[in-house]
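Asker:
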Amino acid sequence: MTAVAVVLASSGCDFLIGRSQAKEIAEINVSSPELRAGEPLPREFSCKGAQGSPPLRWSSEPLPDAKSIAIVVDSLSPSESAVQWVLYNIPATTTELGPNAAASPPEGASQAKVTSGKVGYQPPCVEKGSYRFSVYSLNGKVDVQEGAPLSEILRKIADQTIARGRLTVVNIQ
Numbered sequence: 005m006t007a008v009a010v011v012l013a014s015s016g017c018d019f020l021i022g023r024s025q026a027k028e029i030a031e032i033n034v035s036s037p038e039l040r041a042g043e044p045l046p047r048e049f050s051c052k053g054a055q056g057s058p059p060l061r062w063s064s065e066p067l068p069d070a071k072s073i074a075i076v077v078d079s080l081s082p083s084e085s086a087v088q089w090v091l092y093n094i095p096a097t098t099t100e101l102g103p104n105a106a107a108s109p110p111e112g113a114s115q116a117k118v119t120s121g122k123v124g125y126q127p128p129c130v131e132k133g134s135y136r137f138s139v140y141s142l143n144g145k146v147d148v149q150e151g152a153p154l155s156e157i158l159r160k161i162a163d164q165t166i167a168r169g170r171l172t173v174v175n176i177q
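For the sequence shown, my numbering assigns the number 5 to the initial residue and increments by one for each residue that follows.
(1) Cβ of R170 within 8 Å of Cβ of V77?
(2) Would you please verify whether the beta carbon of Q164 is less than 8 Å from any beta carbon of chain C?
(3) Taking DSSP as the reference, what is the three-state secondary structure of L67?
(4) Roughly how many angstroms lie between the CA atoms of D69 and N143, to the nearest whole one?
(5) Comparing C-alpha positions only, which one of Q177, R47, P82, I161 sits nearest to A116?
(6) For a test of the three-state rule: what should DSSP assign to D180, helix, strand or coil?
(7) Just the C-alpha distance for A26 and Q164, rounded to the nearest angstrom, thanks.
Right under this line is the structure:
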């Protein structure tokens, strides 16, 4: 886990804390019918529930250079930080994911192996923390080999980001 934090801090993946190497970053509005900014993560989307990933919606100004979308879910707590889900190469025309999209991702999309070492949405378990659902519009597809390390995938997302937005929830209900 410490290795992931070091990689995120030093690899150009500063996008998890609000910076990117892209010159102009447009804003994406991120929402969910199940999540409210600053409110607790509903238990059903944590390790104590069985719903899988929550539904997400996003919108932005038209971006003619957008070629794909990526979603990164990470968590920060006093005891640990982790990447809970990375879904990338979502078609650029997609503007929402239904509940449990990790179990049935959009055609052409891929999921990364996250901090836990598993692929797909790994629901948070730490009751006190921040859970960030970030959406990135990219100017290309994330071109990596099957099973590429998380740090490589996050670096490619950071390097290609042209717009970003985030919905942050706190604690688990």
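Just so you know, even glycine gets a beta-carbon here, dropped at the ideal spot from N, CA and C.
Keep in mind the model is a prediction, meaning the values are calculated, not measured.
Answerer: In short, the structure shows the following:
(1) The sequence position of residue 170 within the sequence shown is 166, counting from 1. The sequence position of residue 77 within the sequence shown is 73, counting from 1. Going by C-beta atoms, R170 is not nearer than 8 Å to V77.
(2) Structure shown: chain C not included; a single protein chain is present.
(3) Position 63 of the sequence shown, counting from 1, holds the residue named residue 67. Correct three-state label for L67: coil.
(4) Counted from its first residue, the sequence shown places residue 69 at position 65. Counted from its first residue, the sequence shown places residue 143 at position 139. Approximately 5 Å, taken between the alpha carbons.
(5) Here the question's residue 116 lines up with position 112 in the sequence shown. Closest by alpha carbon: I161.
(6) Because residue 180 is not part of the residues shown, which for the chain are 5 to 177, the question remains open.
(7) Residue numbering aside, residue 26 sits at position 22 when the sequence shown is read from its first letter. Residue numbering aside, residue 164 sits at position 160 when the sequence shown is read from its first letter. The pLDDT assigned to A26 is 40, lower than 50, so where the model puts this residue is not dependable; a value taken from the coordinates is nonetheless given after this. Straight-line Cα distance between these residues: approximately 7 Å.
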